[in-house]
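Shown next, in structure tokens, is the structure this report addresses.
2 protein chains.
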Amino acid sequence: MAHLTVSVEYGVHCLLWLAGSGDTPLSSRDLADLQGISHSFLAKIFSRLEKAGIVRASEGVRGGYLLARAPEDISVLAVVDAIEGRKPLFDCQEIRGRCALFGSEPPRWATNGVCSIHAVMLRAEKAMRDTLAGQSLAALTQAVARKAPSDFSTEVETWLGDRVRSRTRRSSPAAASSPNREVPS
Amino acid sequence: MAHLTVSVEYGVHCLLWLAGSGDTPLSSRDLADLQGISHSFLAKIFSRLEKAGIVRASEGVRGGYLLARAPEDISVLAVVDAIEGRKPLFDCQEIRGRCALFGSEPPRWATNGVCSIHAVMLRAEKAMRDTLAGQSLAALTQAVARKAPSDFSTEVETWLGDRVRSRTRRSSPAAASSPNREVPS
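Quick note, the sequences are listed as chains A and B, same order. Taking this note's numbering, the leading residue of the first sequence gets 489, the next gets one more, and so forth. Taking this note's numbering, the leading residue of the second sequence gets 489, the next gets one more, and so forth.
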């Protein structure tokens with residue numbers, strides 16, 4: 489299995505839509521339908537992103553999620569850690585202390601400091617994480633936007649707006665005025 | 489699960505012993521017992537290392553494994569790839585092409601080139617792999633050797649030599665002269 493799962497891909501794609509929507513909240517159900525992905529799966533991802541302070545929920549029929557910080561201040565690494573947890577690249581089992589010559593108690597020199605093999609893996613992990621930390625959602629949003637035709641974002645806004653209007657029409661006045669947090673439990 | 493498993497840890501530790509043993513083959517069973525790890529598990533790791541041309545088998549009662557190349561020419565990355573296969577850090581599902589606005593056929597611009605999110609992950613993966621590629625077994629052997637007392641390698645040689653002598657004594661002359669490849673099937 490890849491180290492970074494499809495949850496990260498789903499999460500980052502959604503955050504790019506949120507970065508482009510500014511002060512307009514986007515519903516996780518609409519984002520799931522827009523991208524052809526499972527809503528229940530996406531709801532779990534949003535729950536993690538909210539817990540990590542990357543998104544915040546806005547309640548009501550027109551509610552949904554907003555970025556909780558400026559996209560310049562959200563790194564891809566922060567998103568990865570929020571969604572995946574802090575998974576190590578390498579999980580050292582300290583087999584250096586198990587040498588048959590040591591008996592039941594390894595000498596201090598044998599397990600002192602970080603194992604040299606583990607140290608190499610930690611350097612590799614740092615190089616990976618530094619790259620992800622150096623990439624902000626803002627820069628990624630610009631890179632993605634450059635590929636799309638100029639009218640695409642307007643088309644998406646219209647599509648999302650139609651979904652919100654459809655929900656608003658369906659809602660009774662009572663329902664529309666009550667808290668209707670668009671966050672699945 | 490960590491991206492690089494305990495198989496890599498076992499494999500690299502064994503290769504460091506081989507790097508230190510020069511032209512003397514080491515048996516995978518002795519290496520397993522020396523380090524307190526499962527022989528059957530280690531045998532599978534050696535099989536992959538042999539297939540990748542990192543070790544070669546030497547047959548006979550005094551047989552075992554030798555490095556197939558100089559330790560200066562074996563990178564940690566080569567060992568990782570030999571043992572784990574070439575696992576991607578991130579397995580892009582190309583959800584950018586699934587946008588509801590595209591219908592059944594995404595436009596060319598939407599899936600042209602590498603997805604910008606995937607591109608970030610590929611840069612992070614390259615940074616990780618470059619670090620592992622820049623670390624040779626020779627450098628790692630020196631780093632490990634610096635931690636041990638000067639007489640430790642002699643003690644290990646004696647321990648391993650005793651094991652070989654014990655096998656030689658137990659073997660009949662017929663068995664000793666027949667091919668006795670120390671590689672489990």
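All C-beta atoms in this analysis are idealised placements derived from N, C-alpha and C, irrespective of residue type, glycine included.
Presumed contact (8 Å Cβ cut-off) between residue i and residue j, rounded CB distance
i        : j        : result
THR629/A : PRO559/A : 6 Å
LEU514/A : GLY548/A : With 8 Å as the limit, LEU514/A and GLY548/A do not qualify as a contact, their Cβ atoms being about 13 Å apart.
MET616/A : ALA531/B : That pair is no contact at about 31 Å.
SER641/A : ILE571/A : That belief does not hold up - the Cβ atoms of SER641/A and ILE571/A are roughly 25 Å apart, past 8 Å.
VAL567/B : GLY499/B : 6 Å
ILE562/B : ILE542/B : 6 Å
TRP597/A : LYS635/B : 6 Å
LEU565/B : LEU610/B : The pair is not a contact, with the Cβ atoms about 16 Å apart (cut-off 8 Å).
SER546/A : LEU537/A : Contact doesn't hold; Cβ gap of about 14 Å is too wide.
THR646/B : ARG550/B : About 16 Å separates the two Cβ atoms, so there is no contact after all.
ASP518/A : LEU648/A : 6 Å
LEU492/B : PHE590/A : Going by Cβ atoms, the distance from LEU492/B to PHE590/A rounds to 25 Å, so no, they are not a contact pair.
ASP521/A : ALA588/B : 6 Å
ARG544/A : ALA556/A : 4 Å
Per-residue DSSP class, three states only, for residue i
i        : result
SER526/B : coil
SER624/B : strand
THR656/A : helix
Residue i beta carbon near the ligand PLP (any heavy atom closer than 6 Å)
i        : result
LEU506/B : The ligand PLP is not among the ligands present in this structure, which contains no ligands whatsoever.
Fully enclosed by the region 545 to 609 of chain A, which alpha helix (DSSP H) runs are 4 residues long or longer? Taken in chain order, the complete alpha helix (DSSP H) segments of 4 or more residues contained in the region 545 to 609 of chain A are 564 to 572 and 596 to 599.
Do the region 618 to 637 of chain A and the region 494 to 509 of chain A meet, that is, are 3 or more Cβ pairs less than 8 Å apart? Yes, they touch.
For the region 598 to 609 of chain A against the region 631 to 640 of chain B, are there 3 or more C-beta pairs whose distance is under 8 Å? A contact between stretches requires three or more CB pairs, one per stretch, nearer than 8 Å, and the region 598 to 609 of chain A meets this requirement with the region 631 to 640 of chain B.
The region 563 to 577 of chain B: which residues have C-beta closer than 8 Å to a C-beta of chain A, in chain order? Of all residues in the region 563 to 577 of chain B, only VAL564, LYS575, PRO576 and LEU577 place a beta-carbon less than 8 Å from a beta-carbon of chain A.
Taking a Cβ distance cut-off of 9 Å, strictly less, list which residues of the region 490 to 521 of chain B are near chain A, in chain order. Hits within the stretch, in order: ALA490, HIS491, LEU492, THR493, VAL494, VAL496, GLU497, TYR498, VAL500, HIS501, LEU504 and ASP521.
Pull out every residue of the region 522 to 551 of chain A whose Cβ sits closer than 7 Å to any Cβ of chain B, in chain order. Within the region 522 to 551 of chain A, the qualifying residues are LEU522, GLN523, GLY524 and ILE525.
The region 637 to 657 of chain B touching the region 650 to 657 of chain A, judged by at least three CB pairs closer than 8 Å: Cβ pair count under 8 Å is below three, so no.
Would you say the region 577 to 589 of chain A touches the region 523 to 539 of chain B, given that touching needs at least three Cβ pairs under 8 Å? Contact between the region 577 to 589 of chain A and the region 523 to 539 of chain B is present, because at least three Cβ pairs lie under 8 Å.
Chain-ordered residues of the region 596 to 617 of chain A with a beta carbon less than 9 Å from chain B: Answer set for the region 596 to 617 of chain A: TRP597, ALA598, ASN600, GLY601, CYS603, SER604, ILE605, HIS606, ALA607, VAL608, MET609, ARG611, ALA612, GLU613, LYS614, ALA615, MET616 and ARG617.
Against chain B, which members of the region 625 to 651 of chain A pass a CB distance test of less than 7 Å? Answer set for the region 625 to 651 of chain A: LEU628, ALA631, VAL632, LYS635, ALA636, PRO637, GLU643, VAL644 and TRP647.
Cβ-based contacts, 8 Å cut-off: residues of the region 579 to 591 of chain A near chain B: Listed by position along the chain: ASP579, CYS580, GLN581, ILE583, ARG584, ARG586, CYS587, ALA588 and LEU589.
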